[in-house]
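Engineer: For reference, the structure I am asking about is given below.
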Amino acid sequence: MTTLSLDHVSRWFGNVVAVNDITMTIGPGVTGLLGPNGAGKSTLINMMGGFLAPSTGTVTLDGRPVWRNEEIYRHIGIVPEREAMYDFLTGREFVVANAELHGLGDEAARKALATVEMEYAQDRKIATYSKGMRQRVKMASALVHEPSLLLLDEPFNGMDPRQRMQLMGLLRKMGDEGRTVLFSSHILEEVEQLARHIEVVVAGRHAASGDYRKIRRLMTDRPHRYLVRSSDDRALAAALIADPSTSGIEVDHAEGALRVQAVDFGRFTTLLPKVARDHGIRLLTVSPSDESLESVFSYLVAA
Amino acid sequence: MYDPTVARLTYRALLGRRRALILGALPLLLIVISVAVRALSGADDQTAADVLGGFALATMVPIIGVIAGTGAIGPEIDDGSVVYLLAKPLKRPAIIFTKLIVAIAVTMVFSAVPTMIAGLILNGNGQQIAVAYTVAALVASIAYSALFLLLGTVSRHAVVFGLVYALVWEALFGSLVPGARTLSVQQWALAVAHKVAGGDLVTSEVGLTTAVVLLVAVTVLATWYAGQKLRSLKLAGEE
Ligand SMILES: Nc1ncnc2c1ncn2[C@@H]1O[C@H](COP(=O)(O)OP(=O)(O)OP(=O)(O)O)[C@@H](O)[C@H]1O
Ligand SMILES: [Mg+2]
């Protein structure tokens with residue numbers, strides 16, 4: 654059992670608050686750290702990995718402090734976000750060096766390279782690797798000592814679908830083995846495919862926490878706004894407002910369009926084309942007006 | 018303390034193709050100058066002392082020291098790859114100590130060896146001048162490596178600061194402003210060299226005891242402090 658605990662952790666850089674009073678516990682299994690760009694995911698992971706001191710609060714692994722405690726790395730494996738590694742080495746040399754630094758030998762390195770399926774390119778210089786290959790070699794370097802806590806910052810960045818599937822399988826397996834795996838991402842679909850548990854961070858704050866169903870519900874069971882243009886806006890508005898899935902309609906004269914607020918996302922998406930067809934109205938534009946992830950997240954924070 | 022894996026990674030980084038070229042350029046220049054001087058004006062003790070003191074010890078050794086000392090850790094911190102060393106159960110001072118040994122070895126090889134060769138070319142080690150300056154280069158290599166390794170640990174602009182120190186302080190002030198000479202690795206190394214050569218061709222502004230005490234103190238303190246700095250090195254995000 655490996656449990657990572659954050660207790661009222663904040664971190665600021667000058668007057669930028671990157672992480673704002675976050676308390677969370679990460680237990681065995683796969684946890685996704687979800688948040689838009691600049692949310693503070695990397696700052697959090699750096700503090701979890703002992704590479705950055707919290708401005709206030711504490712980070713502990715099974716009760717032991719993480720900051721300024723190098724012995725903790727016997728239990729932690731890290732896949733950093735940054736690309737830089739020892740580019741002048743071959744993949745194999747790099748992973749072997751990482752194993753040696755843990756007091757392990759070639760065998761541990763060989764196993765880790767096999768786990769990430771990188772043997773075929775292990776004798777090439779890292780400088781010649783693609784992003785996905787780098788990512789996998791980083792992964793191998795983090796696995797050599799079979800850590801009980803694995804921290805990955807945006808591990809799927811730059812991977813093609815096949816590599817993504819492979820890494821997801823690997824992380825899932827590690828979670829099933831009882832290891833504590835935490836990865837960050839700004840893509841909800843990615844997180845919910847893999848993580849049993851999701852922690853959402855927005856603008857430095859802990860916005861939500863729960864399984865993917867709960868997060869999905871928080872994100873979808875809310876008013877959706879659409880911008881609709883049609884051959885007869887008036888008639889369309891009258892027909893839509895009669896249905897309970899529509900909670901509000903405004904005529905935007907400047908845009909020459911309707912602003913529709915739908916409460917039941919699923920029902921509304923089937924209703925709209927049906928109503929249009931029944932009334933002989935042609936739909937010219939239907940665009941979600943706030944579907945960006947940021948607005949989804951800001952909704953979460955407000956909730 | 019000494020970690021062979023850290024050492025190997027550091028050697029590979031320092032002796033990569035581009036850096037090795039820079040490290041080799043000044044020694045090559047020294048040898049070329051020495052051959053030219055010898056050919057033009059024959060063997061002369063004073064000339065030999067001038068070339069070794071004015072170029073080898075005052076300019077070449079500190080610059081090699083800057084490249085090797087800051088290069089042993091600075092680039093890793095800048096690009097973030099140091100995380101692979103830090104994410105290991107390694108004592109931070111052990112990482113610094115190992116990198117110091119590597120920086121010293123590289124500085125010695127690229128500065129003391131060419132100094133010896135240049136001295137032999139210039140006057141065939143007459144009056145022990147080649148040996149004296151070689152010893153000075155060896156001694157200076159240790160202190161410079163420690164100082165510049167610390168600089169590489171604490172500053173992102175270590176190379177610039179290091180070169181300013183090496184060129185402005187050691188080469189210029191060191192020979193013009195009397196007070197600055199006491200606080201100069203070059204003068205401390207010269208004090209040791211004077212002891213080796215005897216005579217008055219190799220002289221220093223400071224006495225041997227002062228020089229040795231300061232050399233040891235600077236090396237030990239700089240190394241200790243770099244170890245402390247690495248212990249609390251904060252790795253921030255990309256920006
Ligand atoms: N070293 C630093 N100095 C100043 N500000 C910083 C530093 N590191 C991070 N920040 C700021 O802290 C906030 C959080 O950054 P962080 O890198 O943790 O976000 P992130 O969620 O990882 O974003 P991304 O998805 O882009 O990787 C941002 O506003 C960022 O500008
Ligand atoms: Mg990030």
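For the record, the sequence lines run as chains X and C. So in my numbering, the last one in the first sequence is 956, and the numbering has no gaps at all. So in my numbering, the last one in the second sequence is 256, and the numbering has no gaps at all. Glycine residues also receive a C-beta, built at the ideal position from the N, C-alpha and C atoms.
1. Looking at ligand 1, does it come within less than 8 Å of E852(X), judged from the CB to the closest heavy atom?
2. How about S249(C): is its C-beta nearer than 9 Å to some C-beta of chain X?
3. Can you find a heavy atom of ligand 1 that lies under 8 Å from the Cβ of K791(X)?
4. Given a threshold of 16 other Cβ atoms within 10 Å of its Cβ, counted over all protein chains shown, does I779(X) qualify as buried or as exposed?
5. Are G71(C) and A120(C) touching if we call contact CB-CB under 9 Å?
6. When the Cα of L697(X) is compared with those of G857(X), Y739(X), L823(X), which residue comes out closest?
7. Verify the contact flag: K784(X), CB atom, against every heavy atom of ligand 2, threshold strictly below 8 Å.
8. With a threshold of 9 Å between beta carbons, is S794(X) in contact with chain C?
9. Should A956(X) be flagged as near chain C, meaning a C-beta pair shorter than 9 Å?
10. The stretch 711 to 744 of chain X: which residues have C-beta closer than 9 Å to a C-beta of chain C, in chain order?
11. Please check if any C-beta of chain C sits within less than 9 Å of the C-beta of N699(X).
12. Would you decide whether N12(C) is buried or exposed? Buried here means 16 or more other CB atoms lie within 10 Å of its CB.
13. Looking at the C-beta of L702(X), does it have a partner C-beta in chain C at a distance below 9 Å?
14. Quick one: residues in its chain with C-beta nearer than 7 Å to the C-beta of V148(C), no 5 flanking neighbours on either side, listed in chain order?
15. Please report how far the alpha carbon of A956(X) lies from the alpha carbon of G716(X), in whole angstroms.
16. So within the stretch 147 to 187 of chain C, which uninterrupted alpha helix (DSSP H) runs reach at least 4 residues, ignoring any that extend past its ends?
17. Using 8 Å for Cβ pairs, my map puts E736(X) next to S695(X). What's the rounded Cβ distance?
18. Do M812(X) and L847(X) have their beta-carbon atoms positioned less than 9 Å apart in this structure?
19. Kindly list the residues whose CB is nearer than 7 Å to the CB of R825(X), restricted to its own chain and excluding five residues on each side of it in sequence; keep chain order.
20. Sorry if obvious, but does the Cβ on Y690(X) come closer than 8 Å to a heavy atom of ligand 1?
21. Which residues of chain C have a Cβ atom closer than 8 Å to the Cβ of H755(X), listed in chain order?
22. With contact counted as at least three CB pairs below 8 Å, one residue from each stretch, are the stretch 750 to 768 of chain X and the stretch 105 to 118 of chain C in contact?
23. So if DSSP puts T938(X) in a beta bridge, which residue, or which two residues, is it bridged to?
24. So for K51(C), helix, strand or coil by DSSP?
25. Can you name, in chain order, every residue of its own chain whose Cβ lies under 7 Å from the Cβ of S838(X), other than the five neighbours on each side?
26. Are the beta-carbon atoms belonging to A30(C) and Y726(X) less than 9 Å from one another?
27. Identify the contact partners of N751(X) in chain C, using a Cβ-Cβ distance below 7 Å as the criterion.
28. Could you give the uninterrupted runs of the alpha helix (DSSP H) lying entirely in the stretch 192 to 237 of chain C, keeping only those of 4 residues or more?
29. For chain C, check one thing: does any of its Cβ atoms lie closer than 9 Å to the Cβ of A706(X)?
30. Say yes only if the C-beta of E734(X) is nearer than 8 Å to one or more non-hydrogen atoms of ligand 1, and no if none qualify.
31. So is E255(C) buried or exposed if we call it buried at 16+ other beta carbons inside 10 Å?
32. Any beta-carbon of chain X closer than 9 Å to the one on L26(C)?
33. From the DSSP secondary-structure annotation, give me the bridge partner or partners of G730(X).
34. Going by Cα to Cα distance, which pick from V748(X), V732(X), V881(X), N722(X) is closest to A915(X)?
35. Shortest alpha-carbon distance to M654(X) belongs to which of L802(X), G667(X), K784(X), L742(X)?
36. If you draw a straight line from the C-alpha of D917(X) to the C-alpha of S900(X), how long is it?
Structural biologist: According to the data block:
1. no
2. yes
3. no
4. buried
5. Taking the C-beta atoms as reference points, A120(C) is found no nearer than 9 Å to G71(C).
6. The option with the nearest alpha carbon to L697(X) is G857(X).
7. no
8. yes
9. Confidence at A956(X) is low in this model, with a pLDDT of 46, below 50, so its placement is unreliable and the value that follows should be read with caution. Answer no: the Cβ-Cβ gap between A956(X) and chain C never drops below 9 Å.
10. W720, R721, E723, E724, I725, Y726, R727, I729, G730, I731, P733, E734, R735, E736, A737, M738, Y739, D740, F741, L742
11. yes
12. Limits of chain C in this structure are 18 at one end and 256 at the other, which puts residue 12(C) out of reach.
13. Here residue 702(X) is Gly; the residue named in the question, Leu, does not match the sequence. Output row for G702(X): interface = yes.
14. N142, V213
15. Residue confidence for A956(X) is low, a pLDDT of 46 falling below 50, so the modelled location carries little weight and cannot support an answer.
16. Annotation: the stretch 147 to 187 of chain C contains the following complete segments of the alpha helix (DSSP H) (minimum length 4 residues), in chain order: 175 to 181.
17. Wrong, their Cβ atoms sit about 13 Å apart, outside the cutoff.
18. no
19. V683, L847
20. With the sequence shown as reference, residue 690(X) is identified as Asn, and Tyr is not the correct amino acid for it. Correct: N690(X) has its Cβ closer than 8 Å to ligand 1.
21. K105, P106
22. A contact is defined here as three or more CB-CB pairs under 8 Å, and the stretch 750 to 768 of chain X meets this definition with respect to the stretch 105 to 118 of chain C.
23. Its beta-bridge partners are R882(X).
24. Contrary to the premise, residue 51(C) reads as Ser rather than Lys in this sequence. Looking at S51(C) - three-state DSSP - the assignment turns out to be helix.
25. G685, L687, E807, F809, V844
26. no
27. Y101
28. 195 to 199, 202 to 214
29. yes
30. yes
31. For E255(C), the pLDDT reaches just 47, beneath the cut-off of 50, and the residue's location in the model is therefore unreliable, although a value from the coordinates is still provided. E255(C) comes out exposed.
32. yes
33. L803(X)
34. Among V748(X), V732(X), V881(X), N722(X), the Cα nearest to that of A915(X) belongs to V881(X).
35. L802(X)
36. 9 Å
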